[in-house]
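Working notes, structure below.
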Amino acid sequence: MTERKNIAIMGAGLVGSLLSLYLAKRGHKVDLYERRPDMRKTTLDGGRSINLALSDRGWRALKGIGIEDEVRKVAIPMHGRMMHDEQGKLTFLPYGKEGQSIYSVSRGGLNVALMNISEPNPAITYHFNRQALDVNLRTNEVLLSNTETGGTETIKPELLFGADGAFSVVRGAMQKTERFNYEQHYLEYGYKELTIPATAGGGWALEKNALHIWPRGNYMMIALPNLDGSFTCTLFFPYEGERSFAAIKEEADLLRFFREAFPDALPLMPELAQDYFSNPVGSLVTIKCFPWSYAGKSLLIGDASHAVVPFYGQGMNAGFEDITVLDQLLENFSGEDWESLFDNFERRRKPNADAIADLAVMNFIEMRDKVADPRFLLRKKIESRISERYPDRWLPLYSMVTFSDLPYAYALETGLLQDKLMKKVMRHIQTEDDFNKPEVQQLLEKQLVKKEKLKRYVPEQV
1 MTERKNIAIM
11 GAGLVGSLLS
21 LYLAKRGHKV
31 DLYERRPDMR
41 KTTLDGGRSI
51 NLALSDRGWR
61 ALKGIGIEDE
71 VRKVAIPMHG
81 RMMHDEQGKL
91 TFLPYGKEGQ
101 SIYSVSRGGL
111 NVALMNISEP
121 NPAITYHFNR
131 QALDVNLRTN
141 EVLLSNTETG
151 GTETIKPELL
161 FGADGAFSVV
171 RGAMQKTERF
181 NYEQHYLEYG
191 YKELTIPATA
201 GGGWALEKNA
211 LHIWPRGNYM
221 MIALPNLDGS
231 FTCTLFFPYE
241 GERSFAAIKE
251 EADLLRFFRE
261 AFPDALPLMP
271 ELAQDYFSNP
281 VGSLVTIKCF
291 PWSYAGKSLL
301 IGDASHAVVP
311 FYGQGMNAGF
321 EDITVLDQLL
331 ENFSGEDWES
341 LFDNFERRRK
351 PNADAIADLA
361 VMNFIEMRDK
371 VADPRFLLRK
381 KIESRISERY
391 PDRWLPLYSM
401 VTFSDLPYAY
411 ALETGLLQDK
421 LMKKVMRHIQ
431 TEDDFNKPEV
441 QQLLEKQLVK
451 KEKLKRYVPE
461 QV
């Protein structure tokens, strides 16, 4: 057991709140500092909270602290994608194998659940309305402003964790240090949150257990179910262009666009104009940086170190997996060399963080453009058949990312190899029955042998 530390976590969001539970379990005293008010007592971030998709990596982190069952109370299983074409025709594409699902959770609802679970722990203290103004990494001092009183205070924890999101103040301090690498990239798309309310009877207006997608090539809308019968919809749209946020200036423009692009959704959205013109446009940014720590006294975690766009549903899951990996390292940590521990952590996680960032952008293209293509849907069916026939030799990329603990970097590399193989196989496929043709099976066997020669190692499990 390591010596008990006084730890400060900047940010009491999802990652910060879960991290506090893991650190308290290890015997440390934890103070969380959050710039916003207590969300259990006030409504926050109106129009900016994309629903989240909780999958295996996230569940593993919740299970590791014994709170999986509690969180399931605020989660809805989604068994697959439900695609809506321009005429309202529906096509369902299951996720993974039978019994595998991702779960829709409200960001705020899950955050509240984590706070309610962690706050009764005497080793954990929340401090709301505390905005970090300055971080001195050399002394580990943080200057905080009390946004309620206007006063300031300085804290000096023994260890400092930056779980303060994509625009982290802790990372901002690290960016001023020598040899710190940082890059950010914005998509030319923003997002706007909209709503499909519950029916008059309190039920769901669309299939409850699915993630709904309206793919339209240059843009798309998605909808995830909520416990109250509503759906949180998110329109991903270019900032500029013929069809863009800039082109919709008044209600008539909005209604005309929705009649053309999402005719089956429009009748389900009675508050569309109010939602659209009152909710802000959010930006979509990827952030990569390194190192994530400084002198064994401070560490970035979650979005503060690796913000990703939401199109693989892995931002929260990746942040939770950071905590799983850190806890695994703490399990065998008996000394006081936090610098080596942090260095080990960041070098283990950095390749996987970069990989999921790239995968998320790739999946945006798939969701926006390809899921409406019959050839793409056929390819997915063929890939599922391959996985069924060769379960030890083929796992689809989506399943590697979503339903396994294989490193993201391994999933990306393997997925690219499998993509090349599928392109060769699909030249011989016109219908699903073609999968059983002898020439297809011979080609497949040959390509699988070639793939195995390129991948001779078993990846380290997360």
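The numbering of the sequence shown is the working numbering, which starts it at 1 and goes up by one. Where is the CB? At the ideal position from N, CA and C, for every residue including glycine. If you're wondering where the values come from, they're calculated on a predicted model, not measured in any experiment.
The Cβ atoms of residue 284 and residue 309 lie closer than 8 Å to each other. Counting of Cβ neighbours within 10 angstroms places residue 265 among the buried residues, the total reaching 16 or more.
Assigned with DSSP and collapsed to three states, residue 127 falls in strand. In the DSSP assignment, residue 415 falls within the alpha helix (DSSP H) that extends over 408-426. Secondary-structure assignment with DSSP links residue 120 through no beta bridge to anything. Counting the other Cβ atoms within 10 Å of the Cβ of residue 234 gives 16 or more, which makes it buried. Here residue 386 is not near residue 329, since their CB atoms are 8 Å or more apart.
Partner residues in the beta bridge of residue 142, as assigned by DSSP, are 135, 155.
Counting C-beta pairs closer than 8 Å gives fewer than three between the segment 335-349 and the segment 273-283, which falls short of the contact rule. The way I'd put it, the segment 236-246 doesn't touch the segment 112-128; fewer than three beta-carbon pairs between them come closer than 8 Å. Beta-bridge partners assigned by DSSP to residue 33: 10, 127. By the neighbour-count definition (other C-beta atoms within 10 Å, threshold 16), residue 232 is a buried residue. Segment contact: the segment 119-138 against the segment 410-417, fewer than three CB-CB distances shorter than 8 Å; contact not assigned. The Cβ-Cβ distance between residue 429 and residue 378 falls below 8 Å. With contacts defined as CB atoms closer than 8 Å, residue 305 and residue 160 fail to qualify as a contacting pair. Residue 234 has 193, 222 as its beta-bridge partners, per DSSP. Under DSSP, residue 93 takes part in a beta bridge, and its partners are 81. A residue is called buried when at least 16 other Cβ atoms come within 10 angstroms of its Cβ; residue 352 meets this threshold and is buried. Residue 246 and residue 268 have their C-alpha atoms roughly 24 Å apart. In this structure, residue 423 sits away from residue 354, with a CB-CB distance that is not shorter than 8 Å. Inside the segment 258-321, DSSP marks whole alpha helix (DSSP H) runs of 4 or more residues at positions 272-278, 303-306, from first to last along the chain. Within its own chain, the residues whose Cβ lies closer than 8 Å to the Cβ of residue 7, once the five positions on either side in sequence are excluded, are 23, 28, 29, 30, 31, 157, 158, 159, 160, 161, listed in chain order. About 16 Å separates the beta carbon of residue 11 from that of residue 134, a gap too long to meet the 8 Å contact definition. By the criterion of a C-beta distance shorter than 7 Å, residue 230 is surrounded in its chain by 195, 196, 197, 198, once the five residues flanking it on both sides are discounted.
Under the three-state reduction of DSSP, residue 355 is assigned to helix.
Around the beta carbon of residue 449, fewer than 16 other beta carbons lie within 10 angstroms, which makes this residue exposed. Where residue 59 is concerned, the enclosing alpha helix (DSSP H) starts and stops at 56-64. Residue burial annotation: residue 182 is exposed, with fewer than 16 other C-beta atoms found within 10 angstroms of its C-beta. Secondary structure note for residue 102: its beta strand (DSSP E) is the uninterrupted segment 102-105.
The Cβ-Cβ distance between residue 401 and residue 314 falls below 8 Å.
Look at residue 53 here: in three-state DSSP terms it is strand.
Residue 407 and residue 322 have their C-alpha atoms roughly 12 Å apart.
Nearest C-alpha to residue 25 among 83, 41, 411, 118: 118. In this model, residue 214 and residue 58 are separated by some 26 Å (Cα to Cα). Contact between residue 78 and residue 104 holds, with the beta-carbon distance rounding to 6 Å and staying under 8 Å. Residues of the same chain with a CB within less than 7 Å of the CB of residue 434, apart from the 5 flanking positions on each side, are 428, 440 in chain order.
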